[in-house]
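Data first, discussion second: the structure below is written as structure tokens.
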Amino acid sequence: METKQFKAESKRLLDLMINSIYTHREIFLRELISNASDAIDKIYYKALTDDSITFEKENYYIKILSDKENRTIRISDTGIGMTREELDDNLGVIAKSGSLNFKKENESKEGHDIIGQFGVGFYSAFLVADKVTVISKAFGSNEAYKWESKGVEGYTIEPCDKDSFGTEIILKIKENTEDENFDEYIDEYKLKSIIKKYSDFIRYPIKMDITESRLKKDSENEFEEYVEEQVINSMVPLWRKNKNELKEEDYENFYSEKHYGFDKPIKHIHISVDGAVSYNSILFIPEKTPYDFYTKEYEKGLELYSNGVLIMNKCSDLLPDYFGFVKGIVDSEDLSLNISREILQHDRQLKLIAKNIKTKIKNELENILKNEREKYEKFYESFGRQLKYGVYSDFGANKDVLQDLLMFYSSKEKKMVTLAEYVSRMAEDQKYIYYASGESNERIEKMPQTELLLDKGYEILYFTDEVDEFAIRMLMSYKEKEFKSVSSGDLGIEPEENEKDSTLEDDNKELFGYMKDVLKDKVKDVRASKRLKNHAVCLSNEGELTIEMEKILNSMPNNENIKADKVLEINVNNEVFKALKEAYEKDKEKLSLYTDLLYNQALLIEGLSINDPVEFTNNICKIML
Ligand code: ADP
Ligand code: MG
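Below is the structure:
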């Protein structure tokens, strides 16, 4: 018998399990029971496709026994069992099934985050036990094996005896410490309540030998104790239960039992539909963004059951991408059990369910927005970006579903507002919904281009997500109001009487013409600004592509050097303009220098990089001399 080492990652996790102070140690039972239930499922599936196997329901169960004297508990199942190789493979390495992606970056985090986030499965046994023994006999095999481990040092595997196939896990419960009481994990009553709490809807009976007391025969006041095997779980899946019987807590327990997330969901949606298609469903809107949500690794989807039997872990066809954050299950009698993935995709029933679910989610989100604003804002912080991607993707096909769920930061309210709120507040003479794009609210607030609009009392939406402007382009308009960037050439504002000096442009035609020649094709034009109040210069853009879009597109791989058509706007009411005029008359070389400086300043204000920073700083030095 040799002692084998755990793989490095498993070792790290084991260490965490053994040493971290963790408040939810009781979840070990949920994990071991769920493995036992999975193991019985596997026989059930086999029986579905293999006629030589019959699945007699009464032969399949999970049994929990506690032994106070020896300080052990025993979890046995009549499931598929494990061969020697499987014991080695499945219990020697973490994340066989991919349920745990134990990443380096998580090392620094609190232990319980990792446990909650991934559901560490089998290893959670070490939360309460200092020795774990697994005795298993695989279905169809004559040999049984014993796997044993006391933690990080490693594990052993040796042959042993076991009558029937299945698995038995024996936990030697830790001794009490100063801070923690482990006795409760051998306490019958406590174990029973843990099973009720986390594993009530497991489809197979979870049995325990419960000590009860009764009146002694022929006695009026003498009691005797007797032991009776009881089934602890109700076996009715949560989604089949009546909504009215369930408490918020039941849903929250279900959420963590299913490893949907380590947060508390913002909302659950419990659906029971009987009609053209019948199904039960429980959906959750999470609060926090899963760590991998905005990466390619994230897999959306709902658990799909046919009449109580799991047929797919993550059925992605049930959710549109933009609602990919939703977690939950769907159970329908109308789906066939051994349906393949390919067929499922084209299944009419499934499509109906998906459509129905989409509407339910949309309505629920609108409800939260209407009635629980704070909650919605929290949600939006986590998943708003996904909704905006949704508007942008598929050529805007989903805008009707999504546009009323969007929010942006408002210059007026100093908080997030919806488009409907914006439009309802628009001034009578205001033609457009104005927005400004930039890195952060603070930076946008200082943008020279916003001066005139703010002066007129117009509200501006701040776009700080890369996707914002692209999404809005797809939307084009909201309630017939078009969107307009504060940097666009024409803001659609009628100049006021006293400001109408069309001669201005003509007067300075030559000056601006000269400046344009200095800048060559770096800009499309140099013009007198109609929007600047205090600032000396800014850039605006002509055409479809805005400066913010230029930045974003150029930051993406494989993009050619994309350029927005920029116009350098000069504030003719600013002192600097006088200097320009003077230079134009007396010293052309100086004007070239000024032009270059102003252009580069405008670039800096936009957050664009200067072509030649050395030349720029040299030029600044020149004017100091
Ligand atoms: P997961 O359940 O997510 O796969 P676990 O760590 O809980 O991860 O379990 C690891 C693997 O060990 C399981 O996938 C399964 O193959 C095997 N296993 C664990 N418990 C049992 C059991 N009671 N019967 C059969 N196989 C089991
Ligand atoms: Mg498991």
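Heads up, the sequence shown is in our numbering, so the first residue is 2 and it goes up one at a time.
Virtual Cβ for every residue (Gly too), placed ideally from N, Cα, C.
From a predicted model like this one, the values you see are computed outputs, not experimental measurements.
Chain-order list of residues whose beta-carbon lies under 6 Å from that of residue i (same chain, five-residue window excluded)
| i | result |
| --- | --- |
| E549 | S438 and E470 |
| E300 | K315 |
| V527 | F513, M516, K517 and L569 |
| G117 | Note on G117: pLDDT 41, under 50, position unreliable in the model; no value is reported. |
| S109 | Confidence is the limiting factor: at S109 the pLDDT is only 40, short of 50, which leaves the residue's position unreliable and the question unanswerable from this model. |
| G397 | M475 |
Contacts around residue i, its chain only, beta-carbon distance under 8 Å, and the 5 residues preceding and following it disregarded
| i | result |
| --- | --- |
| L462 | F409, Y410, S411, S412, V418, Y423, I434, Y435, Y436 and A437 |
| N562 | N555 |
| V153 | F7, K12, L15, D16 and I19 |
| S253 | Residue 253 is actually Glu in this sequence, not Ser. So the list reads K265 and P266, once near-sequence residues are dropped. |
Straight-line Cα distance separating residue j from residue i
| i | j | result |
| --- | --- | --- |
| K415 | E382 | 16 Å |
| L546 | K315 | 39 Å |
| D405 | P321 | 17 Å |
| I115 | P614 | Low confidence applies here, because I115 scores a pLDDT of 44, under 50, leaving its location unreliable; read the following figure in that light. Cα to Cα, the separation comes out at about 47 Å. |
| K623 | L492 | 37 Å |
| G630 | R85 | Given a span of 2 to 626 for the chain in the structure shown, any question on residue 630 remains unanswerable. |
| I54 | M557 | 56 Å |
| I369 | I362 | 11 Å |
| A40 | G82 | 7 Å |
| E378 | F166 | 53 Å |
| L626 | L594 | 13 Å |
| E258 | A37 | 14 Å |
| K564 | E551 | 6 Å |
| R1 | H269 | Shown here, the chain extends from 2 to 626; a query on residue 1 therefore has no answer. |
| K589 | D566 | 26 Å |
| K97 | E10 | With a pLDDT of 41 at K97, under the threshold of 50, the modelled position of this residue cannot be trusted; read the value that follows with caution. Rounded to the nearest angstrom, the two C-alpha atoms are 12 Å apart. |
| I19 | N560 | 51 Å |
| K104 | F294 | Only weak support exists for where K104 lies, its pLDDT of 39 falling under 50; the coordinates are left without a value. |
| E481 | N364 | 23 Å |
| L284 | N243 | 15 Å |
| E144 | K138 | 6 Å |
| E616 | V577 | 21 Å |
| R75 | K47 | 26 Å |
Beta-carbon spacing of residue i, residue j below 8 Å
| i | j | result |
| --- | --- | --- |
| T168 | D78 | yes |
| F140 | I267 | no |
| G329 | L303 | yes |
| L192 | I65 | yes |
| E511 | K525 | no |
| T465 | S441 | yes |
| E452 | L533 | yes |
| I158 | D89 | yes |
| F202 | V237 | yes |
| Q450 | S541 | yes |
| F224 | S214 | yes |
Proximity winner among the options, relative to residue i (alpha-carbon distances)
| i | options | result |
| --- | --- | --- |
| I494 | V274, N364, I34 and S530 | S530 |
| T360 | L598, W240, Y299 and I272 | I272 |
| M448 | E607, V527 and K510 | E607 |
| L15 | T596, D131 and M313 | D131 |
| D318 | I354, D52, P287 and S489 | I354 |
| R72 | K579, D51, V133 and M625 | V133 |
| D210 | S142, E189 and F224 | E189 |
| Y292 | G262, A277 and V331 | G262 |
| R13 | L454, F127 and E229 | F127 |
| I571 | K564, A565 and K579 | K579 |
| L366 | G155, A428 and E288 | E288 |
| V274 | E221, V331 and E429 | V331 |
| Y306 | L239, D164 and G385 | L239 |
| T596 | L609, S610, F224 and I621 | I621 |
| K155 | S279, K5 and K217 | Note that residue 155 is Gly in the sequence shown here, rather than Lys. Among S279, K5 and K217, the Cα nearest to that of G155 belongs to K5. |
| R474 | C161, K248 and S394 | S394 |
| N357 | S279, Y459 and S142 | S279 |
| V487 | K457, N509, D508 and Y479 | K457 |
| S142 | E429, D162, E149 and K587 | D162 |
| M2 | I34, K147, A48 and K47 | K147 |
Cβ shell of residue i (< 7 Å), same chain only, five flanking positions each side left out
| i | result |
| --- | --- |
| Y515 | Y585 and L592 |
| V129 | R26, F29, L172, I174, K175, F183 and Y186 |
| Y62 | T79, Y205, P206 and K208 |
| Q602 | V538 |
| M323 | Note that residue 323 corresponds to Tyr in the displayed sequence, not to Met. Result list for Y323: Q387, L388, Y390, G391, N399 and L403, in chain order. |
| D52 | none |
| E334 | S279 and N308 |
Any non-hydrogen atom of ligand 3 closer than 7 Å to residue i Cβ
| i | result |
| --- | --- |
| G82 | What this structure holds is ligand 1 and ligand 2, not ligand 3. |
Beta carbon proximity, residue i to chain B, threshold 8 Å
| i | result |
| --- | --- |
| N612 | In the displayed structure, chain B is absent; only one protein chain is listed. |
**Q.** Closer than 6 Å: residues whose CB approaches a heavy atom of ligand 2
**A.** For ligand 2, the selected residues are E32, S35, N36 and G122.
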